[in-house]
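First comes the structure, then the notes that go with it.
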Amino acid sequence: MRNVIVTDPPRADLDHVTKLAEYGVATVHEALGRTGYLGPGLRPVHLGARVGGTAVTVLCWPGDNLMIHAAVEQCRPGDVLVVTTTSPCGDGLFGELFATALQVRGVRGLVTSTGVRDVAELGAMGFPVWSAAVSAQGTVKATAGSVNVPIVVGGQLIRAGDAILADDDGVMVVPRPEVASALEAAQARVDKESASREAFRDGELGLDRYGLRAKLAELGVEYVSAPDQAK
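According to this note's numbering, the sequence shown holds residues 152 to 382 in order.
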């Protein structure tokens with residue numbers, strides 16, 4: 152495997168990414184046809200954060216965080232660091248010292264398929280993290296990996312410069328060329344949900360608004376009274 156650090160990859164428009172994050176992961180995920188979600192295995196270490204940023208990708212070896220150190224230098228304001236390993240690893244590859252270095256550079260958060268530690272300190276400093284594990288297990292700095300190469304996290308391909316959205320519902324990726332169209336799709340989704348919300352407040356049922364009575368009948372679902380069901 153060729154180990155490289157790719158410098159200055161093209162990034163999605165940061166203003167667009169920031170606006171996209173305001174819609175929330177669930178809304179954007181639905182608006183894009185339920186694509187891009189990194190799965191339920193990545194959870195926020197602390198609740199309440201919502202971020203959007205451009206991906207700086209890191210491929211490490213298990214139990215080794217050497218390439219995270221290399222990646223810090225490649226980060227710009229508005230980035231989100233995305234870390235994975237060549238095979239599964241729950242060790243604490245990331246902690247408060249890394250967060251301090253990234254925060255100074257304007258990095259908006261971390262997404263990692265590995266573990267993190269210094270959880271209390273991360274919360275106190277307000278650095279958002281989404282991880283697959285929390286682990287005090289330490290690491291070494293001995294094995295070459297890569298920075299800003301395509302990686303796969305949660306079954307999703309992530310390239311440097313793609314948009315990363317993360318909140319209490321999880322994490323998703325929007326490919327860089329699709330960010331502008333994702334904004335339009337997300338707004339359309341919000342408008343549709345707003346209309347439905349008003350209808351529900353007026354007492355309309357989802358069964359009627361979404362035409363689901365016909366679907367129930369098509370699937371063979373029958374309405375029977377309780378006395379008849381007891382017979």
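The beta carbon of each residue, even a glycine, is placed where N, CA and C say it ideally should be.
Report all residues from its chain with a CB closer than 7 Å to the CB of Gly-214; omit the five preceding and five following residues, and keep chain order. Within the sequence shown, residue 214 is the residue found at index 63, counting from 1. Cβ neighbours of Gly-214 beyond the five flanking positions: Cys-240, Asp-242, Thr-290 and Val-291.
Decide if Asn-216 is buried, meaning its Cβ has at least 16 other Cβ atoms within 10 Å, or exposed. Indexing the sequence shown from 1 puts residue 216 at position 65. That one is buried.
Any idea what DSSP makes of Asp-378, helix, strand or coil? Indexing the sequence shown from 1 puts residue 378 at position 227. Looking at the sequence shown, residue 378 is not Asp but Pro. In the structure shown, Pro-378 sits in a helix (DSSP, three-state: H, G or I).
Cutoff 6 Å; reference Gln-288; Cβ partners in own chain excluding five residues on either side: Residue numbering aside, residue 288 sits at position 137 when the sequence shown is read from its first letter. The residues are Asp-242 and Gly-243.
Report yes if the C-beta distance between Gly-192 and Gly-305 is below 8 Å; otherwise report no. Within the sequence shown, the letter at position 41 stands for residue 192. Within the sequence shown, the letter at position 154 stands for residue 305. Yes, the Cβ-Cβ distance between Gly-192 and Gly-305 is below 8 Å.
Since Thr-205 is in the beta strand (DSSP E), which residue starts that stretch and which ends it? Taking the sequence shown and counting its residues from 1, one reaches residue 205 at position 54. Annotation: the continuous beta strand (DSSP E) that includes Thr-205 extends over 202–211.
Please go through the same chain and pick out, in chain order, the residues whose beta-carbon is closer than 8 Å to the beta-carbon of Val-330, but skip the five residues on each side of it. Taking the sequence shown and counting its residues from 1, one reaches residue 330 at position 179. Around Val-330: Ala-163, Asp-164, His-167, Val-168, Leu-171 and Ala-314.
Helix, strand or coil: how does DSSP classify Val-341 here? By 1-based counting over the sequence shown, the position of residue 341 is 190. Val-341: helix per DSSP, three-state reduction.
Round the Cβ separation of Ser-282 and Val-155 to the nearest angstrom and send it over; I've been treating them as touching at under 8 Å. Here residue 282 is taken as the residue at index 131 of the sequence shown, counted from 1. Here residue 155 is taken as the residue at index 4 of the sequence shown, counted from 1. That pair is no contact at about 25 Å.
Taking only the alpha-carbon atoms, compute the straight-line gap between Leu-248 and Pro-228 and give it to the nearest angstrom. As a working note, residue 248 is residue 97 in the sequence shown. As a working note, residue 228 is residue 77 in the sequence shown. If I take the Cα positions, the gap works out to 18 Å.
Taking buried to mean at least 16 other C-beta atoms within 10 Å of its own C-beta, is Val-267 buried or exposed? The residue given as residue 267 occupies position 116 in the sequence shown. Val-267 comes out buried.
Run through DSSP, which three-state label would Val-196 get? Taking the sequence shown and counting its residues from 1, the one referred to as residue 196 is at position 45. Val-196: coil per DSSP, three-state reduction.
Length-filtered (4 minimum) alpha helix (DSSP H) runs lying within the region 268–293: 270–276
Between which two residues does the beta strand (DSSP E) holding Gly-243 run? Counting from one through the sequence shown, the residue named residue 243 turns up at place 92. Residues 243–245.
Compute the distance between the beta-carbons of Leu-273 and Leu-253, then report whether it is under 8 Å. In the sequence shown, counting from the first residue as 1, residue 273 sits at position 122. In the sequence shown, counting from the first residue as 1, residue 253 sits at position 102. Taking 8 Å as the Cβ cut-off, Leu-273 and Leu-253 do not qualify as a contacting pair.
Nearest to Pro-301 by CA position, among Leu-210, Glu-335 and Asp-379, is which residue? Taking the first residue of the sequence shown as position 1, residue 301 is located at position 150. When each option's Cα is compared against that of Pro-301, the closest is Leu-210.
Limits of the alpha helix (DSSP H) - the one that Leu-171 falls within: Numbered from its first residue, the sequence shown carries residue 171 at position 20. Start and end: 165–174.
Pull up the DSSP beta-bridge partners for Leu-261, would you. Taking the first residue of the sequence shown as 1, we reach residue 261 at position 110. BP columns for Leu-261 point to Leu-232 and Val-280.
How many Å lie between Tyr-174 and Leu-367 at the Cα? Walking along the sequence shown from the start, residue 174 turns up at place 23. Walking along the sequence shown from the start, residue 367 turns up at place 216. Distance between the alpha carbons of Tyr-174 and Leu-367 is about 32 Å.
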